[in-house]
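Counting in full-length UniProt numbering, the sequence shown runs without a single skipped number right up to 405 at its last residue.
Even glycine gets a Cβ: it sits at the ideal position worked out from N, Cα and C.
Every value quoted in this text rests on a predicted model; they were computed, and no experiment measured them.
Right, one structure below, let's go through it.
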Amino acid sequence: MARPGDPSVRPLDTCAVAFSIDDMDHELDRLSMHGMVAWLGGGNRPVVEPEVIKRAICHHFPGSFPYRNLDIHTRPWQLVTHGDICDLKYRVRLCLEGIPLHTWNENIAKRAIARACDLDYVEKSSLDREDTRALSVWAWTHNPSDIPKVTWLTLSCRKAEFHSTPAARGRRGLTFRVLVHLDLVEDPPGRDGRAAAPRDYTWHYGVVDGERTLCDRHDPPPAGVRGSRRDDDDDRRGRRERQGDNWGPLLVFMAQLNCQILNWNVRGMNDGARQDSVSELVRSTGATIVCLQEIKMQVMDHNVVSRTAGAKFVNSYIVLPAEQTRGGILLAVNEDFFDLSDVELTTNAITAQITMRADGIKWQITVVYGPQGDAAKLQFLQELKKIPPPEHNRWLILGDFNLIY
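Okay, here's the thing in structure tokens:
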């Protein structure tokens with residue numbers, strides 16, 4: 001078996017496109033004015049120490065000249081002699097689906113498309129997180145057909161949570177599958193200087209361009225992308241060990257379908273300051289589904305929902321009232337992206353079906369706030385057991401279960 005890094009198992013080549021920055025341009029000017037390339041001519045090319053060539057050039061530069069038994073040639077340093085001209089004539093709009101939301105910036109966008117494109121700019125709507133299904137960018141390319149349909153992007157960092165202990169040496173990262181959707185292509189101008197209308201392409205969220213079936217983001221990347229991957233299904237689907245007892249708001253990202261879920265035990269919603277603090281978190285995270293437990297309100301009207309979650313939530317929300325000032329749950333969804341139906345209220349939970357407006361996919365959500373007493377906890381588990389599972393088997397259960405104390 002070949003060792004890691006053996007030439008027999010390494011890929012032959014790859015491609016990358018990079019943009020020249022100011023510092024690089026200054027260095028180019030310096031080398032073009034003062035740089036020189038030297039090489040040995042003739043059939044006799046012995047191994048020579050660099051210091052010997054340096055002494056010879058200092059005595060005889062410029063031109064070509066013999067030195068001892070060496071035939072030394074020189075010429076000015078020129079950029080074009082070190083590479084081939086490549087015209088990036090096509091301007092394209094790409095929608096990058098699957099890049100983690102916290103990394104939506106020009107640096108990551110450049111890396112995701114570097115195989116065949118030079119980034120022009122990231123659309124402001126993406127930088128503002130107006131639509132988090134895909135990061136939309138414009139770029140230049142030599143040939144749109146060279147743009148890969150999938151990029152495996154690995155982010156190495158210190159703050160990510162992993163399923164096992166940190167590596168003893170080196171770095172560890174997370175690998176994400178990024179679907180590269182080709183949305184528009186602007187052809188170069190013709191001989192008359194006029195450009196044709198942009199050509200648009202049909203694609204679908206969650207589907208590799210040119211295919212028809214939804215891909216599973218949990219499928220492992222090719223063997224060459226990562227050296228190993230655990231086969232344990234729980235680990236592969238993102239099970240995380242508990243990191244202490246102090247649980248704050250949980251934000252779940254399913255960015256492919258514009259689905260950001262804010263789950264939080266707010267410990268009371270009956271004063272304006274608390275409602276405003278929740279509203280700020282909803283706004284700053286871009287949450288499109290809001291699940292709040294222990295609201296401690298028996299009545300919650302449109303005005304409170306609007307102040308807490310926003311105007312887009314006032315027509316799509318469900319409240320499980322508190323018992324006097326204990327408990328209570330709010331489930332609210334952004335009406336631009338979701339429909340709520342098949343609502344069922346039980347003692348400690350709200351269950352509903354959510355329909356994604358983008359593609360019609362349906363899934364079931366259950367938001368819970370568990371009781372405190374030991375006997376009540378057993379009844380609570382029986383309550384959850386009696387909730388009928390959906391036929392499509394897509395079911396998310398979340399909330400504050402109160403089972404660890």
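Collapsed DSSP secondary structure at residue i in the structure displayed
i, result
"residue 412", "What the structure shows of the chain is the stretch from 1 to 405, and residue 412 is not part of that stretch, so it cannot be assessed."
"A139", "strand"
"F313", "helix"
"L378", "helix"
"I350", "strand"
"C259", "strand"
"R129", "coil"
"K362", "strand"
"W396", "Per the sequence shown, the amino acid found at residue 396 is Leu instead of Trp. Strand."
"P403", "A small correction: the amino acid at residue 403 is Leu; Pro does not occupy that position in the sequence shown. Coil at L403, not helix or strand."
"D23", "helix"
"R30", "helix"
"L340", "strand"
"D146", "helix"
"D235", "Low local confidence applies: a pLDDT of 38 at D235 is under 50, so the model's placement there is unreliable, with the coordinate-based value given in what follows. D235: helix per DSSP, three-state reduction."
"E123", "coil"
"E383", "helix"
"V333", "strand"
Length of the line joining the Cα atoms of residue i and residue j
i, j, result
"D131", "E344", "30 Å"
"V180", "E211", "13 Å"
"P388", "I350", "13 Å"
"S145", "V92", "11 Å"
"R326", "W203", "48 Å"
"W140", "V185", "10 Å"
"A109", "W264", "31 Å"
"M24", "T355", "51 Å"
"P390", "Q364", "7 Å"
"I57", "L40", "12 Å"
"V150", "K385", "40 Å"
"V207", "L396", "22 Å"
"R55", "V48", "12 Å"
"D187", "R283", "39 Å"
"E323", "M300", "13 Å"
"N258", "A2", "44 Å"
"P321", "G328", "5 Å"
"R115", "H142", "11 Å"
"S306", "G272", "12 Å"
"S341", "Y317", "10 Å"
"Y121", "V137", "6 Å"
"D400", "S277", "19 Å"
"S164", "W152", "Low confidence applies to S164: its pLDDT is 49, below 50, so where it sits in the model is not reliable enough to give any reading."
"R229", "A375", "Only weak support is given to the placement of R229: the predicted model assigns it a pLDDT of 38, under 50, and the value that follows is read from those uncertain coordinates. Whole-angstrom Cα-Cα distance: 42 Å."
"D71", "W77", "19 Å"
"H302", "T154", "43 Å"
"N105", "L174", "17 Å"
"K124", "R194", "27 Å"
"I113", "P189", "24 Å"
Cutoff 7 Å; reference residue i; Cβ partners in own chain excluding five residues on either side
i, result
"D118", "V17, F19, L88, A139 and W140"
"G286", "R129, T132 and Q260"
"A332", "V290, V305, A309, F313, S316 and Y317"
"N348", "V368, Y369, G370, P371, F380 and E383"
Same chain, Cβ closer than 8 Å to residue i, neighbours up to 5 away in sequence not counted
i, result
"L28", "S20 and L79"
"E335", "K312, F313, N315 and S316"
"T213", "V207"
Cβ neighbours of residue i in the same chain (closer than 6 Å, five flanking residues each side left out)
i, result
"L330", "L292, I295 and V319"
"A196", "D187"
Minimum Cβ-Cβ distance from residue i to chain C less than 9 Å
i, result
"W152", "In the structure shown, chain C does not exist; there is a single protein chain."
The segment 259–275 in contact with the segment 284–297 per 3-pair CB rule at 8 Å: yes
Cβ contact check for the segment 371–380 and the segment 353–361: 3 or more pairs under 8 Å: no
Residue ranges of each beta strand (DSSP E) within the segment 261–325, 3 or longer: 289–293 and 317–320
Length-filtered (4 minimum) alpha helix (DSSP H) runs lying within the segment 38–116: 50–60 and 106–113
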